[in-house]
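Using my numbering, the first residue of the sequence shown is number -3, and each one after it goes up by one.
Cβ coordinates follow ideal geometry from the N, Cα and C atoms, glycine included.
Keep in mind that this is a model prediction, so the values were computed, not measured.
Input: a single structure, listed below in structure tokens.
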Amino acid sequence: MSPLLQDLASAAANAPLDWRDLGLKNYLFSLPTPLGEFQLRWYSLAYLAGIIFAYWHISKTLKAPGAPMAQRHADDLFFYCTLGVILGGRLGYATFYTGGETGLPSLWGEPGELLKLWNGGMSFHGGLIGVLLAIAFVCWRGKLSFLRVCDYVAVSVPMGMFFGRLANFVNAELWGRVAGPDVPWAMVFPGGGPMARHPSQLYEALLEGLLLAAVLMVLFWRTRARWKPGLLVGIFATGMALARFVVEFYREPDAQLQELARSSGLSMGQWLTLPLLAAGLFFVIRALMRPELGSTTPIPE
């Protein structure tokens, strides 16, 4: 083989992976309609899958001894938490990622744009606040223990994060920072330039999703963790914060917030995880220092 062909073969062998070669598209199928093309997007399906899984798993946990609520409360949670995660996620994005020094017009001043969910822009921390408010409302109305209900909900949330991060990868969005030659799985993403980048969406899917889900489910089903109010929600918050903080070192900061990352050394996502980490550690320590519940009074159907 000539030196030129050898060089070309070596270059091809060492070429980074390219997202385009995977043949992915951001929708399952599309249909023409009188109002334009309809696309069933994977991101929408990810939200739907996460919500359905949470409803199914919470309903299953209620059959185990010590449940802090009845099935009718889970039905209410399904509705209100769906609203909370969507509205909270969108309003959180408007608050944390637009306006101020971000370079993007604040969505708070553009109600019409705020309602255009199909344009993207969701915040995990905003969605978390929305879900907590929804749980608080259901608990207040049903006279339930807020902390124990949060324990049961927290076990199911990471699978929703797993589906969502996979959808981010399929959408070729939220890609990572430029990777070195020692990262063979680095990938070239559309819009990310010619350099191979960390597939940080997959890192998040594994850490925030599968790993945290496995830890919480083992604790719920194989130990007496659910008898210590606040322990599961504390482990969820701590694990989510640590996973997000670590992955942010490999994730490209949002374009409008790169100056914040450069000047402070931490991205917006990392700054927002610090209160979450503090809250998680507080609930873990609090739960471990208190005696576990001996028994609970069954809630009438």
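Please classify residue i: does DSSP put it in a helix, a strand, or coil?
{"i": "S245", "result": "With the sequence shown as reference, residue 245 is identified as Phe, and Ser is not the correct amino acid for it. Looking at F245 - three-state DSSP - the assignment turns out to be coil, as it is neither helix nor strand."}
{"i": "P154", "result": "helix"}
{"i": "L212", "result": "helix"}
{"i": "R161", "result": "helix"}
{"i": "E200", "result": "helix"}
{"i": "G172", "result": "strand"}
{"i": "D351", "result": "The structure shown has nothing for residue 351, since the chain only spans -3 to 297."}
{"i": "T29", "result": "strand"}
{"i": "M118", "result": "coil"}
{"i": "R37", "result": "strand"}
{"i": "L13", "result": "strand"}
{"i": "R193", "result": "strand"}
{"i": "M183", "result": "strand"}
{"i": "L24", "result": "strand"}
{"i": "L289", "result": "coil"}
{"i": "S141", "result": "coil"}
{"i": "G188", "result": "coil"}
{"i": "A7", "result": "Its pLDDT being 41, under 50, A7 is placed unreliably in this model, and the value from its coordinates should be taken loosely. Here A7 sits in helix by DSSP."}
{"i": "R258", "result": "helix"}
{"i": "K59", "result": "coil"}
{"i": "M65", "result": "coil"}
{"i": "G205", "result": "helix"}
{"i": "T91", "result": "helix"}
{"i": "G84", "result": "helix"}
{"i": "G46", "result": "helix"}
{"i": "L1", "result": "Low confidence applies to L1: its pLDDT is 40, below 50, so where it sits in the model is not reliable, and the reading given next is rough at best. In the structure shown, L1 sits in a helix (DSSP, three-state: H, G or I)."}
{"i": "R220", "result": "coil"}
{"i": "G126", "result": "helix"}
{"i": "G19", "result": "coil"}
{"i": "G226", "result": "coil"}
Could you check how far apart the C-beta atoms of residue i and residue j are, in whole angstroms? I think they sit under 8 Å.
{"i": "P226", "j": "L143", "result": "This sequence places Gly at residue 226; Pro is not what is there. The pair is a contact, with the Cβ atoms about 5 Å apart (cut-off 8 Å)."}
{"i": "Y39", "j": "A70", "result": "So it is not a contact: roughly 25 Å between Cβ atoms."}
{"i": "M65", "j": "L129", "result": "Contact doesn't hold; Cβ gap of about 17 Å is too wide."}
{"i": "G123", "j": "G84", "result": "5 Å"}
{"i": "F159", "j": "A45", "result": "5 Å"}
{"i": "G80", "j": "G126", "result": "3 Å"}
{"i": "L228", "j": "L212", "result": "6 Å"}
{"i": "I82", "j": "G156", "result": "That pair is no contact at about 12 Å."}
{"i": "L248", "j": "W171", "result": "Rather than Leu, the amino acid found at residue 248 in this sequence is Glu. With 8 Å as the limit, E248 and W171 qualify as a contact, their Cβ atoms being about 6 Å apart."}
{"i": "L36", "j": "F49", "result": "With 8 Å as the limit, L36 and F49 do not qualify as a contact, their Cβ atoms being about 19 Å apart."}
{"i": "M236", "j": "E204", "result": "6 Å"}
{"i": "E288", "j": "R220", "result": "6 Å"}
{"i": "G62", "j": "R161", "result": "No, G62 and R161 are not in contact; Cβ-Cβ is about 32 Å, not under 8 Å."}
{"i": "M183", "j": "L13", "result": "4 Å"}
{"i": "Y76", "j": "V134", "result": "6 Å"}
Looking at the unbroken alpha helix (DSSP H) that takes in residue i, where does it start and where does it end?
{"i": "P271", "result": "264 to 285"}
Taking its Cβ as the centre, do 16 or more other Cβ atoms sit within 10 Å of residue i, making it buried, or is it exposed?
{"i": "M191", "result": "exposed"}
{"i": "R218", "result": "exposed"}
{"i": "M118", "result": "buried"}
{"i": "S263", "result": "buried"}
{"i": "F279", "result": "buried"}
{"i": "I281", "result": "exposed"}
{"i": "G276", "result": "buried"}
{"i": "F120", "result": "buried"}
{"i": "F165", "result": "buried"}
{"i": "L18", "result": "exposed"}
{"i": "F241", "result": "buried"}
{"i": "K59", "result": "exposed"}
{"i": "T57", "result": "buried"}
{"i": "T78", "result": "buried"}
Beta-carbon of residue i versus every beta-carbon of chain D: anything under 8 Å?
{"i": "W181", "result": "In the structure shown, chain D does not exist; there is a single protein chain."}
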